[in-house]
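Trainee: Structure provided below as structure tokens; questions to follow.
There are 2 protein chains.
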Amino acid sequence: MLDERRAAILRAVVEGYIETAQPVGSSLVARTGGIPVSSATIRNEMVALEQEGYLVQPHTSAGRVPTDKGYRFFVDTMAGHGKLDTARRQQVSSFFATAHGAIEDMLHATSQLLSNLTDYAAVVVAPQSEQATIRSVQLVALGGNTALLVAVLSNGSIEKATVDVPDEIGDERIGAATTHLSRSLVGGTLTDLAACPTSGDQQTDDLCAAAVAALRPNRGTEIDHVYVGGASRMATAFDAVDSVRRVLTTLEQQYVVVGLLRDVIDRGLSVAIGAEHGLEALADCSIVVAPYEVEGELAGTIGVLGPTRMHYPQALAAVAVVSQRLGRRLSEG
Amino acid sequence: MLDERRAAILRAVVEGYIETAQPVGSSLVARTGGIPVSSATIRNEMVALEQEGYLVQPHTSAGRVPTDKGYRFFVDTMAGHGKLDTARRQQVSSFFATAHGAIEDMLHATSQLLSNLTDYAAVVVAPQSEQATIRSVQLVALGGNTALLVAVLSNGSIEKATVDVPDEIGDERIGAATTHLSRSLVGGTLTDLAACPTSGDQQTDDLCAAAVAALRPNRGTEIDHVYVGGASRMATAFDAVDSVRRVLTTLEQQYVVVGLLRDVIDRGLSVAIGAEHGLEALADCSIVVAPYEVEGELAGTIGVLGPTRMHYPQALAAVAVVSQRLGRRLSEG
DNA sequence: GCTGGCACTCGTTACTCTTGAGTGCCAGGA
DNA sequence: TCCTGGCACTCAAGAGTAACGAGTGCCAGC
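Residue numbers (our numbering), protein chains in the order written: chain A, 1200 to 1532; chain B, 1200 to 1532.
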């Protein structure tokens, strides 16, 4: 473990680098770090910090830059996570006070809010539909030989799937299937889609089986909808165009993003720094995540993606506040 | 109008610049342009082309670069729009052969296809729901004092809206409202949402009125869903980071994108070059657009966004093929 | 009207020199 | 033992200079 003085020096370097994006030298730390020793002493300590892997020197005559390990220490020993300034608190409050409309639109807007708050890219993973119960099931003929199965879930989201039906199927048969499906599925969840009990009518049973089958493959793969806000801000976070390209390409792959957030949450972290999350393309990015709860149940995840030298206290505070407010808002329905 | 030789020189400059992104000199044109005159003569012609506004010179001792007007001439006189190479045709065919699932997912995938084909960003505007008829309407209680109104449209898309309902409303009343709404709305379109005729029951009527009102504001504003694919490719199209940022920020504003495409289509164009579309942030971008038809009706729009020096023949060919195939695919249902 | 020739322009590249921020180390002092 | 001021050293960044060469405009001659 680091003694108090070294920790203070490390913190000063991290803060300086986050602010200026320039390597931080001993004299700057001596002047502004609040540590009552000379720059020579700080230099000696910095050598030690470098040997222990908290700092690196881009080249001999430059200052120090934090490593992932350095950022990790900084985040882990950060006091109280910081608070949002009043302007931002205000912004959050008024957002959730006026938020309305379909849940998808609200989650999308939330990702933009979070991006605005932090000036980084933001990600919102929609509540998992796994625990939501089915409130309504309906089969609607679309013409031709397709029909649409629409399931309304208790969290206000909708799952739908196209079903192939025999040509020239009659309305009354669709209706029969709808009532039969309703009877057996409503009240259950998407995860335990039971096969429909037989109804006595062969054609209706076939239809129901096809419908259930159509609804099933959604589960697991693409059920996690994700909203990415402010991806364009990554363009200013890096000055190398190809870094920007790499990061944006990754952000476009929704399943990667979902997997990334889930992975971080599963490991019990709220921050993943640089290479910690294992995605090479995001090696000089950090993400700050938080789950949100709806009616006491863990429902989804939100996160902020920025460069490793991101402003952690502010990002953590923003993510915490937004996740809490979002959960509360969604619990109200 | 340009005489044939000048036109050939202009075309050679445009093609050269598109390929190399470097100013094109007279000697290159003389060597590779297929024009049997010396570079000196070409220089003389270039002076004229510059005076007429087709070319500019970045600085005295540099080659020429096309202006928007130059690109415009190139595009307008381009022969036959070019064909996709077989590999790309193959890609399109296999995409539409295997495309399946919900319409939203398919449109999203289509935008990625188009982006892959052209190596630029691609945009797909979903079919407008205005002409689609309502196939089914259902009100579902969500608990608390909210209910969800779900309307299934004939094109397979779904419109939904939350409706405030009195506390402790009974299932039978929701059911009554559903049947009443079905009776009056099914078969119509979203644009001519008639007020429900009175049912004789005050509470049911109130509920129906609220439901219709909730569905209405969707129209006009956010009804045009849009899918942007491959936005990250814009990061390699420009080398200035802030150009990238500007373009990406614009692409994130969906209503701007929709308006842009619509505007171009309305003006009867299939290509908008540089400043032609009037969006300052996209001043050095061009877009290539095409409408697509579902069952003979104009339904939506697709487009490709790239730098002004984009590869027009290929982009036009890709957009044409994809719009046609997409329309056909959607017509099949 | 086209062409070869030629002087001229000016961005690009390479090289050198200087500057200055920052370092490591050391000897002296608390 | 630990801290500090001093000092020589390193090296990226910036400025200045020179050579290069791609490309131009212009002109005299065919």
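Ideal placement from N, C-alpha and C gives every residue a C-beta, glycine not left out. Note that the structure is predicted; figures quoted are calculated from it, not measured.
(1) Scan the stretch 1318–1341 of chain B for residues whose Cβ lies nearer than 8 angstroms to a Cβ of chain A and list them as they occur along the chain.
(2) Within its chain, find whatever has a CB closer than 6 angstroms to the CB of A1207(B); leave out the 5 residues flanking it on each side and keep chain order.
(3) Would you check if the distance between the CB atom of V1456(B) and the CB atom of V1427(B) is smaller than 9 angstroms?
(4) Assuming L1283(B) and A1514(B) make a contact with CB atoms under 8 angstroms, what is their CB distance in whole Å?
(5) Flag this pair as yes or no: are the beta carbons of Y1511(B) and I1217(B) separated by less than 9 angstroms?
(6) What's the gap between the Cα of E1421(A) and the Cα of Q1452(A)?
(7) Report the residues of the stretch 1353–1376 of chain A with a CB closer than 9 angstroms to any CB of chain B, ordered along the chain.
(8) Output, in chain order, the set of chain B residues within a Cβ distance shorter than 8 angstroms of A1482(A).
(9) Distance cutoff 9 angstroms, beta carbons only. Does T1276(A) sit that close to anything in chain B?
(10) When the Cβ atoms of the stretch 1376–1385 of chain A are set against those of the stretch 1218–1228 of chain B, are three or more pairs found closer than 8 angstroms?
(11) By how many angstroms is the C-alpha of Y1454(B) removed from the C-alpha of T1390(B)?
(12) Under a three-way DSSP split, which group does C1484(A) fall into?
(13) Compare the Cα-Cα distances from G1495(A) to each of I1472(A), V1503(A), G1526(A) and M1509(A) and report the closest residue.
(14) Would you please verify whether the beta carbon of H1510(A) is less than 9 angstroms from any beta carbon of chain B?
(15) Would you say R1432(A) faces chain B, with C-beta separation under 9 angstroms as the test?
(16) Give the C-beta separation of S1485(A) and G1505(A) to the nearest angstrom, bearing in mind that I take them to be a contact with Cβ-Cβ under 8 angstroms.
(17) Quickly, what does DSSP pair R1263(B) with across the bridge? List them, please.
(18) When you compare the CB positions of Y1270(A) and M1433(A), do they come within less than 9 angstroms of one another, or not?
(19) Using the three-state DSSP reduction, which class does P1512(B) fall into: helix, strand or coil?
(20) Return the residue from the list F1437(A), G1458(A), M1305(A) and S1353(A) that minimises the CA-CA distance to L1478(A).
(21) What would DSSP say about R1461(A), mapped onto helix, strand or coil?
(22) Give the secondary structure of Q1401(B) by DSSP, where H, G and I count as helix, E and B as strand, and everything else as coil.
(23) Report the residue from L1254(B), R1204(B) and E1251(B) whose alpha carbon sits nearest the alpha carbon of G1232(B).
(24) What are the boundary residues of the beta strand (DSSP E) that A1330(B) is part of?
(25) Does the Cβ of S1293(B) have 16 or more other Cβ atoms within 10 Å, making it buried, or fewer, making it exposed?
(26) Across the stretch 1354–1367 of chain A and the stretch 1285–1303 of chain B, are there enough close Cβ pairs to call them in contact, namely three or more that are closer than 8 angstroms?
(27) Excluding the five sequence neighbours on either side, which residues of its own chain have a C-beta within less than 7 angstroms of the C-beta of N1533(B), listed in chain order?
(28) Please return the same chain residues whose Cβ sits closer than 7 angstroms to the Cβ of L1481(A), not counting the five positions on each side in sequence.
(29) In angstroms, rounded to a whole number, what distance separates the CA positions of G1182(A) and F1437(B)?
Mentor: To lay it out plainly:
(1) Across the stretch 1318–1341 of chain B, CB contacts with chain A closer than 8 angstroms involve R1334, S1335, Q1337, V1339, A1340 and L1341, in sequence order along the chain.
(2) Excluding sequence positions up to five before and after A1207(B), its CB lies within less than 6 angstroms of the CB of I1234, all in the same chain and listed in chain order.
(3) Yes, they are a contact pair.
(4) In this structure L1283(B) is not in contact with A1514(B), their Cβ atoms being roughly 10 angstroms apart against a cut-off of 8 angstroms.
(5) Taking C-beta atoms as the reference points, Y1511(B) and I1217(B) count as a pair closer than 9 angstroms.
(6) Legend: pLDDT at E1421(A) = 49, less than 50; position of this residue unreliable, value from coordinates given subsequently. Whole-angstrom Cα-Cα distance: 12 angstroms.
(7) Identification of residues in the stretch 1353–1376 of chain A having a C-beta nearer than 9 angstroms to some C-beta of chain B yields S1353, N1354, G1355, I1357, K1359, A1360 and T1361, given in sequence order.
(8) Those do not exist, as A1482(A) stays about 17 angstroms from chain B at its closest Cβ, beyond 8 angstroms.
(9) No, no contact with chain B.
(10) In short, these stretches do not touch, since the Cβ pair count stays below three.
(11) Rounded to whole angstroms, T1390(B) to Y1454(B) spans 19 angstroms at the Cα level.
(12) C1484(A): strand per DSSP, three-state reduction.
(13) Out of I1472(A), V1503(A), G1526(A) and M1509(A), G1526(A) has the C-alpha closest to the C-alpha of G1495(A).
(14) Under the Cβ criterion of 9 angstroms, H1510(A) is not counted among the residues facing chain B.
(15) Chain B has a Cβ within less than 9 angstroms of the Cβ of R1432(A).
(16) Confirmed, about 6 angstroms.
(17) When beta bridges are read from the DSSP output, R1263(B) appears opposite V1223(B).
(18) No.
(19) Here P1512(B) sits in helix by DSSP.
(20) The residue from F1437(A), G1458(A), M1305(A) and S1353(A) with its alpha-carbon nearest to that of L1478(A) is G1458(A).
(21) DSSP places R1461(A) in helix when its eight states are reduced to three.
(22) DSSP places Q1401(B) in helix when its eight states are reduced to three.
(23) Per the Cα distances, R1204(B).
(24) Reading off the sequence, residue 1330(B) comes out as Gln, not Ala. It is not in any beta strand (DSSP E) - Q1330(B) carries neither H nor E in the DSSP assignment.
(25) So S1293(B) counts as exposed.
(26) Counting Cβ pairs under 8 angstroms, three or more are found: they touch.
(27) The question about residue 1533(B) has no answer, for chain B in this structure spans 1200 to 1532.
(28) Cβ neighbours of L1481(A) beyond the five flanking positions: V1446 and T1449.
(29) Outside the shown range of chain A, which is 1200 to 1532, sits residue 1182(A), and nothing can be said about it.
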